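Remarks on the structure that follows.
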Amino acid sequence: MSKVVDIHNLTKSYGKDIAVKDVSFSIESNKICGLLGRNGAGKTTIMHMITAQLFPTSGDLKIFDERPYENRDVLNKICFIKESQKYPPNFCVHDVLEVAATLFPNWDQRFAKRLLKDFNLPRKRRIKKLSRGMLSSVGIIIGLASRAPLTIFDEPYLGLDAVARNLFYNHLIEDYADHPRTILLSTHLIDEVSKILEQVMVIDKGELIINEEADSLRGSAYAVAGLATKVDAFIQGKKVINKPHSLGGFTSAVIMDTPKFEDRKQADLLGLNITSVSIQELIVHLTGGNSQGKAVELQ
Amino acid sequence: MNTLTDDSRPIFLQIAEQIEDDIIKGGLPEESQVPSTNQFASFYQINPATAAKGVNLLVDQGILYKKRGIGMFVTKGAREIVMKKRREQFYEQYVIKMKQEAEKLGITAEELKEMIMKGEE
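From first to last, the protein sequence lines stand for chains A and B.
Sequence positions in the first sequence follow numbering that gives the first Met the number 0 and run 0 to 298.
Sequence positions in the second sequence follow numbering that gives the first Met the number 0 and run 0 to 120.
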């Protein structure tokens, strides 16, 4: 499979501040990928570099096997929906879609109309009169109907309600099945999207800390809870990724590993409970302020 | 929207088990066509590649087979294969766990037997 995005040692710094630090990853064609991380982790900066809106300080990147800068062939294949995309305030929704239709070679007008109806957007309403959620819907409609070979959604659903988000997931999966393309999505609602992602990348403080298949990330950590002294005994020699919480004499710890049969047996003997950890919890632990940032090895 | 309940295990395994369940319960008789990976994807709101991985797992085990250009079908004798596999798992997944919990609560093997018989009535 060919690589749509291929990034090597990408760094972007603003003076002393390093926004993106030595990031390397690649995305194969026709995959749905998630770029996850906390606010200010560097996700949007990376997306800006992929779409040739920012120059990297150092490092190299290729999009569709070419450098994207001032490269019309490459840029024509990209649709980038920004978190707070600005549209001309006096345009009505219909006008915005008309303009979008001329920008994207694969644009599907019928699909756009169907989305407009499903998302309940008034065609004639002016952009400045739209609510936050409706503005997000406009971006989603453009992103989906563009059918661009590389579609990038940066936090596409500010202010969008659960029904509309669900609509987005449904349309995305259905349309992707009929028209496979590469999709890069950044979001904070990890649990909601983790099922539709094939590849997950996590950025923390400008660095790439996870780049894995979503399905292998599921079940790659577990929590163990019980009497503090017993938990302490259990976690010896294991990779603990949180600062264990205590409540009275009880503690819970999150361990980066798939629980093996011996682990379950040992936990049973010590009277401890083993529970699963979702991808969202795992990422919270790995990027959270209260952990040591990265997994620590206990002696 | 339909949800797969277990958050701790790979989704493709859960898809494969869902199909196996349908085969056991008779929802998918032998020689019948299995929904396409795209149908699975939109039904469970999952990535089509993940759905395909689950289906292919069953193809590898001879439970499903591919008819070129048409789709996936349930193999003749698939139910027997699935039942055999599930019976082997039953001891590990249910019986051992039950015995451990019984031990913890001080329930003797005799009492446990009685309880199982009671359920039969």
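Quick reminder that beta carbons are idealized off the backbone N, C-alpha and C, glycines included.
Please read these numbers as outputs of a predicted model, since none were measured by experiment.
Exposed or buried, which one is His244/A when buried takes at least 16 other CB atoms within 10 Å?
Here residue 244/A is taken as the residue at index 245 of the first sequence, counted from 1. His244/A is exposed by the Cβ-count criterion.
Could you check whether His170/A and Arg371/A sit closer than 8 Å to each other, using their CB atoms as the reference points?
An answer regarding residue 371/A cannot be provided, because it is not within the stretch 0 to 298 covered by chain A.
For Ile195/A and chain B, any beta-carbon pair shorter than 8 Å?
As a first step, residue 195/A is located in the first sequence; it is residue number 196 there, counting from the start. Yes, Ile195/A lies at the interface with chain B (some Cβ there is under 8 Å from its Cβ).
Does Ala40/B have its Cβ less than 8 Å from a Cβ in chain A?
Counting from 1 along the second sequence, the entry for residue 40/B is found at position 41. Interface residue, yes.
Interface flag, Ser7/B vs chain A, CB-CB below 8 Å
Your numbering for residue 7/B matches position 8 in the second sequence. Chain A, which has a Cβ nearer than 8 Å to the Cβ of Ser7/B, makes this yes.
Counted within 10 angstroms of its Cβ, other Cβ atoms place Phe63/A as buried (16 or more) or exposed:
Locating residue 63/A in the first sequence gives position 64, where the first residue counts as 1. Buried, by the Cβ-count rule.
Is Met200/A helix, strand or coil when you go by DSSP?
The residue you call residue 200/A lines up with position 201 of the first sequence. Three-state result, Met200/A: strand.
Relative to the alpha-carbon of Ser275/A, which residue among Ser185/A, Arg217/A, Leu268/A has its alpha-carbon at the smallest distance?
Residue 275/A sits at position 276 when you count from the first residue of the first sequence. For the residues Ser185/A, Arg217/A, Leu268/A, the minimum Cα distance to Ser275/A belongs to Arg217/A.
Per-residue burial, Cys78/A [other beta carbons within 10 Å of its own, 16 or more giving buried]
Taking the first residue of the first sequence as position 1, residue 78/A is located at position 79. With 16 or more other Cβ atoms within 10 Å, it is buried.
Ordered along the chain, which non-local residues of its own chain (more than five positions away) have a Cβ less than 7 Å from that of Gly36/A?
For the purposes of this step, residue 36/A is taken as residue 37 along the first sequence, with counting starting at 1. These residues qualify, in order along the chain: Lys42, Val201, Ile202, Asp203, Thr286.
Counting only beta-carbon separations shorter than 8 Å, does Ala48/B have a partner in chain A?
By one-based count along the second sequence, residue 48/B stands at place 49. Taking Cβ atoms only, chain A reaches closer than 8 Å to Ala48/B, which makes this a yes.
Mapping the DSSP letters down to three states, classify Asp59/A as helix, strand or coil.
Numbered from 1 along the first sequence, position 60 holds the residue referred to as residue 59/A. It is a strand residue.
So, does the CB of Phe89/B fall closer than 8 Å to a CB anywhere in chain A?
To locate residue 89/B, count along the second sequence from 1; it is residue 90. No, Phe89/B does not count as interfacial toward chain A.
Pull up the distance between the alpha-carbon of Tyr90/B and that of Ile80/B, whole angstroms please.
The residue given as residue 90/B occupies position 91 in the second sequence. The residue given as residue 80/B occupies position 81 in the second sequence. Between Tyr90/B and Ile80/B, the C-alpha separation is close to 17 Å.
Where Ile278/A and Ile189/A are concerned, what is the direct C-alpha to C-alpha distance, given to the nearest angstrom?
Residue mapping note: residue 278/A aligns to position 279 of the first sequence, counting from 1. Residue mapping note: residue 189/A aligns to position 190 of the first sequence, counting from 1. Taking the straight line from one Cα to the other gives about 7 Å.
Suppose only complete runs of 4+ residues qualify. What are the alpha helix (DSSP H) ranges in the stretch 22 to 88 of chain A, listed by chain order?
42 to 49, 71 to 74
Is any non-hydrogen atom of the ligand HEM found closer than 7 Å to the C-beta of Tyr90/B, if you look at the structure I gave you?
Ligands displayed in this structure: none; no statement on the ligand HEM is therefore possible.
What residues of chain B sit near Ser215/A, judged by a beta carbon separation below 8 Å?
Position 216 of the first sequence holds residue 215/A. Within chain B, the residues near Ser215/A are Pro9.
Against chain B: residues of the stretch 165 to 182 of chain A by CB proximity under 9 Å:
Asn165, Tyr168, Asn169, Ile172, Glu173, Tyr175, Ala176, Asp177, Pro179
Please determine, among Phe103/A, Gly205/A, Phe110/A, the residue with the shortest C-alpha to C-alpha distance to Leu9/A.
Within the first sequence, residue 9/A is the residue found at index 10, counting from 1. The residue with the shortest Cα to Cα distance from Leu9/A is Gly205/A.
In whole angstroms, give me the CA-to-CA distance for Asp300/A and Leu207/A.
There is simply no residue 300/A to check, as chain A begins at 0 and stops at 298 in what is shown.
Cβ separation of Gln44/B and Ile195/A, assumed to be a contact under 8 Å, to the nearest whole Å
The residue labelled residue 44/B in the question sits at position 45 within the second sequence. The residue labelled residue 195/A in the question sits at position 196 within the first sequence. With 8 Å as the limit, Gln44/B and Ile195/A qualify as a contact, their Cβ atoms being about 6 Å apart.
Pick from Asn29/A, Ala40/A, Ser23/A, Asn272/A that is closest to Ala176/A, judged by C-alpha positions:
Taking the first residue of the first sequence as 1, we reach residue 176/A at position 177. Selected option, being the one with the closest Cα: Asn29/A.
Within chain C, partners of Ser136/A - CB distance below 8 Å:
Of the protein chains in this structure, namely A and B, none is chain C.
Where Ile126/A and Asn119/A are concerned, what is the direct C-alpha to C-alpha distance, given to the nearest angstrom?
Position 127 of the first sequence, counted from the start, is the residue given in the question as residue 126/A. Position 120 of the first sequence, counted from the start, is the residue given in the question as residue 119/A. Approximately 14 Å between the Cα atoms of the pair.
Apart from the five residues on each side of it in sequence, which residues of its chain come closer than 6 Å, Cβ to Cβ, to Lys103/B?
Position 104 of the second sequence, counted from the start, is the residue given in the question as residue 103/B. Excluding sequence neighbours, Lys103/B sits near nothing in its chain.
Using 8 Å as the threshold, is the C-beta distance between Lys11/A and Thr50/A below it?
Residue 11/A sits at position 12 when you count from the first residue of the first sequence. Residue 50/A sits at position 51 when you count from the first residue of the first sequence. Against a cut-off of 8 Å, the Cβ pair of Thr50/A and Lys11/A comes out as no contact.
When Asn70/A, Ala40/A, Gly39/A are compared against Gln52/A, the one with the closest alpha-carbon:
As a first step, residue 52/A must be located in the first sequence, where it is residue number 53. It is Asn70/A.
Step through the CB atoms of chain B and report whether any lies within less than 8 Å of the CB of Asp267/A.
Reading the first sequence from its first residue, position 268 is the one you call residue 267/A. Closer than 8 Å: yes.
With DSSP run on the structure shown, which of helix, strand or coil describes Lys309/A?
A query on residue 309/A cannot be resolved here, the shown segment of chain A reaching from 0 to 298 and no further.
Beta-ladder partner(s) of Thr257/A, from DSSP
Taking the first residue of the first sequence as position 1, residue 257/A is located at position 258. Paired residues: none, contrary to the question.
If you follow the alpha helix (DSSP H) that His284/A is part of, which residue opens it and which one closes it?
Residue mapping note: residue 284/A aligns to position 285 of the first sequence, counting from 1. Residues 278 to 286.
Name the residues in the stretch 217 to 250 of chain A whose C-beta lies less than 8 Å from a C-beta of chain B; which are they?
Arg217, Gly218, Tyr221
Min CB distance Ile208/A to chain B below 8 Å:
Walking along the first sequence from the start, residue 208/A turns up at place 209. No, Ile208/A does not count as interfacial toward chain B.
Reduced DSSP secondary structure (H/G/I, E/B, other) of Gly142/A:
On the first sequence, residue 142/A is found 143 positions in, with the first residue counted as 1. Three-state result, Gly142/A: helix.
My guess is that Lys65/B and Phe11/B are in contact by the Cβ rule of under 8 Å, so how many angstroms apart are they, rounded?
The sequence position of residue 65/B within the second sequence is 66, counting from 1. The sequence position of residue 11/B within the second sequence is 12, counting from 1. Not really, about 17 Å apart at Cβ, beyond 8 Å.
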